[in-house]
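Following my numbering, the numbering of the sequence shown begins with 38 at its first residue and continues without gaps.
Cβ atoms here follow ideal geometry from the backbone N, Cα and C, with glycine treated the same way.
In what follows, a single structure is set out as structure tokens and then discussed.
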Amino acid sequence: MHDTKRRMIRLSAISLSGSLLFCLAFGATAAQAQSETGDEAISNEIIVTAQKREERLKDVPVPLTAVSGDALLEQNQTKAQDFFASVPGVNLQFQNNRAQLAIRGITTSPVTGNPVVGFTIDGVPYGSSTGQGGLYGAAPDIDPSELARIEVLRGPQGTLYGASSMGGLVKYVTIAPDLSEFGGSIGGGVNMIRGGGQSLGYNVRGAINVPLGENVAVRASAYTRKEPGYIDNVRTGENDVNSSRVTGGRLTALWEPSDMFSLTLGAMYQVRDIYGSSNVDTRTGSFYQQTDQIGSGRSKSDMQMYRAEINADLGGVDLTSITSFSRSTNYDNQDFTASPLTIFLFPAIFPPTIPEFGNVLLQTYDVDKVSHETRLTGAFGDNIDWIVGGFYTHEKGNYTIDTFAINPDNGDVYGVPVVWRDNIKYQEYAAFANLTARLSDQFDIQFGGRFSENDQEMTHREWFQGAPYPADPFYSTTSPEAHGSSFTYQITPRFKPTPDHMIYGRLATGYRPGGPNAGCSEDPAEPVPCQFKPDKTVNYEIGAKGDLLDRALSYDVSLFNIDWTDIQITQVSSLGTFTFNSNAGKARSRGFEIALEARPVDGLSVKAWWAYVDATLRESFASGAVYAAEGDRLPFSSKNSGRFSFDYEAPVSDGDITASFGASATYVGERKGEFVPSLADAPLRASYPGYVQFDIHSGLDFDSWNLNVFVQNLTNKHGVIGGGFYNQSTFNANWFNYAQPRTVGLNLGYDF
């Protein structure tokens, strides 16, 4: 049973692929394979919950990618950046040791304004709705052994998912307890990264499912993984500084006393420790060396989440209620030496006998979050389905900055010229509804709307050394507030000419809330608005999904145009003492995504996709901290990107052993870095060259054992994934982050 299930998961991982000409070339052979293998060859029958109800992937009128946790493990895609780099329309930028996403180009900077991509874990919103609350929209880094699947929804999802999903949404769905069968798994593996010296990475994981009678089951799991470092710091003399460790666990209990009611209680904990940054200083002439200051580079995040979910059949109406509490604590130590603060302020406030300064910036950003959603799902007769619900969240965030002026030779601290403390409360209420009217067996139309209202309160305190030591620092405190509301909507007609083909249109909107500005001031010498406004996206899209040649070929095509207004940007106060957020300009992202899959012979799946995203500004802005001209490319988005892959498996040794082999080539096109501060800096805006990364993997399944061997980045391509001038506001044009070098390893697992 385990072998059959594992084969089905592999075939259903990422229902995307190919070029149409390629698929047609294999048409006759694929149709023959389909008739021989039956439904087991159909990869797009995977069930997803993108619209908060279970549907087949090919029936969802939303551009969507889904991949199983098992498929991620087979290819050793254990970190967020491993997976998201291979999703159509999604670009990854690595910042502060975290994976930041831009979906269809909707971003101006990871640290400007509030998050633009939403994340949920089992229906629970992850992270803060505000930039001050931290994470800046960074992707969760959950071990794939605990994931049933990841779903990536491209384009605005504001109607069903609310704030911060204006670019798209990522859903993590974990493995649920099983009432019927005792079982579990254990596994582990090792890997070696080129440039990592003699150190090995390793991972260990285990899970167990225990039914307790007929109505109760408990699932528990734990994992740890250690990634070896491969970058040497030539300033400090330390080798392999960017090693990391992730450790976590999950406990879930399911009580299902009848078919009419179930209660799920879950707890998740994870700690992620990064021992040094992955910055590379190109002036060293090596892809494996950096010059980060003593005491910088370390980061740590600690996440815990608790969830209670009730599902009940109320007699024609289904109720779902999810209540959660999460806590996330984080800190980063960044090398800020190249910033204007170091160049201009430090020499003015410290004795002239100090010849050189370093600057290490300590950031902490913590958030406690309570959220609740209740929704009802039902139908009016046979032709109308509906969902109505309400949502509430309350967040308390703390954001701190300590700027340490240090001796770059030994790390001694001269002083702390800037101390910044923000405490923010965010509260949001929302009501939403979605209705699907079936006008015929072939045609239906969805209507949806959501009204959201939020209130925000901030207490800001700042100590600024504006005069030479030992003078006392200037102290200021403000208590700005912000209030906002938004209405988002979607209209989605869907036409099915046959059961195997769907054509849809989609008009959908999204937004992210505005917020208060820490330096709120009505002083004419340095005016700062007390709040900035929400910004909004409107998506116009047509798409088609379906199967050809007796379900042997699959396709998924979409064309889109996204208009983005009131873009949140960063400005500098008139005296140049701090930054704040405001709104400016318009942008547009338009393009297409095509993904197809062919199964030309029994056991072979060939997949490929291509995405074209033209994301540019439609109005210029020069805010005092960010300059951009009309027509400039939005940061981090590839105009062209694509992926080609194949997976083949076949029984050997009279069917007792199944062997598999797969390979992929992922193309990431040229991208631009963050916008720069001024017109004079425009030539320094970073450009990230395009690159192709090759990965291969193979495996054996025998009895309840599985063995997988993999090579990631086979040709050791140094693809740029972050850095350059003004990245993280460091102004250092020589620091970049590169794709992880060639990594070789194996994983061994046992199911029981």
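Taking a contact as a CB-CB distance under 8 Å, the pair Met342 and Val161 counts as one, their CB atoms being some 6 Å apart. Arg320 sits in a helix when the DSSP states are folded into three classes. Remark: C-beta atoms of Ala700 and Asp732 approach each other more closely than 8 Å.
For Ala385, the uninterrupted alpha helix (DSSP H) segment begins and ends at Phe383 to Ile386.
Inter-residue distance for Gly334 and Pro714 is about 25 Å (C-alpha atoms, whole angstroms). In the DSSP annotation of this structure, Gln88 is not part of any beta strand (DSSP E), being labelled neither H nor E.
In the DSSP annotation of this structure, the continuous segment of the beta strand (DSSP E) that includes Glu499 starts and ends at Phe480 to Phe501.
As computed with DSSP, Val210 is found in a beta bridge with Arg186.
In terms of Cβ geometry, Val154 and Gly205 form a close pair [threshold 8 Å]. Between the segment 484 to 499 and the segment 454 to 471 there are three or more inter-stretch CB-CB distances shorter than 8 Å, so the stretches are counted as touching. Judged by their CB atoms, Ala665 and Phe698 are not nearer to each other than the 8 Å cut-off.
Assigned with DSSP and collapsed to three states, Pro377 falls in helix. Counted as a single uninterrupted DSSP element, the alpha helix (DSSP H) harbouring Phe121 occupies residues Ala117 to Phe121. Under the three-state reduction of DSSP output, Lys95 falls in the helix class.
Under the Cβ criterion (8 Å, minimum of three pairs), the segment 340 to 355 does not count as touching the segment 317 to 327. In the DSSP annotation of this structure, Glu559 is not part of any alpha helix (DSSP H), being labelled neither H nor E. For Asp684, no alpha helix (DSSP H) segment is defined; the enclosing uninterrupted segment is the beta strand (DSSP E) at Asn677 to Val689.
The residue from Tyr548, Gly352 and Gly238 with its alpha-carbon nearest to that of Gly486 is Tyr548. The beta carbon of Gln307 lies closer than 6 Å to those of Gly285 and Met340 in the same chain, with the five residues before and after it left out. From the listed residues Thr515, Ala662 and Glu111, the smallest Cα separation to Ser376 is found for Ala662.
Cα atoms of Arg186 and Gly274: separation of roughly 42 Å, rounded to the nearest angstrom. For Gly195, the enclosing alpha helix (DSSP H) stretches over residues Gly195 to Tyr198.
Beta-bridge partners of Gln326 (DSSP): Asp269.
Scanning its chain for C-beta atoms nearer than 7 Å, with the 5 sequence neighbours on each side dropped, one finds around Phe673 the residues Asn128, Gln130, Ala139, Thr144 and Arg708, in chain order.
Residue range Asp572 to Leu585 is occupied by the beta strand (DSSP E) that includes Asp572.
By the C-beta density criterion, Ser657 is exposed, having fewer than 16 other C-beta atoms within 10 angstroms. Beyond the five residues adjoining it in sequence on each side, Ser182 comes within less than 8 Å, by CB distance, of Gly106, Leu110, Ser222, Gly224, Arg242, Ala244, Ser258 and Tyr260 in the same chain, given in chain order.
Here Ala632 is buried. Its C-beta has 16 or more other C-beta atoms within 10 Å. The closest CA to that of Thr196, considering only Glu578, Asp600 and Ala470, is found on Ala470. With the rule of 3 Cβ pairs closer than 8 Å, the segment 371 to 387 does not count as touching the segment 354 to 363.
Beta bridge pairing from DSSP links Thr529 with Gln483. Cβ contact annotation for Asp439 (same chain, cutoff 7 Å, sequence separation greater than five): Leu399, Val453 and Val456, in chain order. Counting along the chain, the unbroken beta strand (DSSP E) around Glu432 starts and ends at Ile421 to Ile443. When DSSP states are grouped into helix, strand and coil, Leu654 belongs to the strand group. With respect to the 8 Å criterion, Lys676 and Tyr649 are classified as neighbours on the basis of their beta carbons. Residue environment analysis places Glu410 among the buried positions, since at least 16 neighbouring C-beta atoms fall within 10 angstroms of its C-beta.
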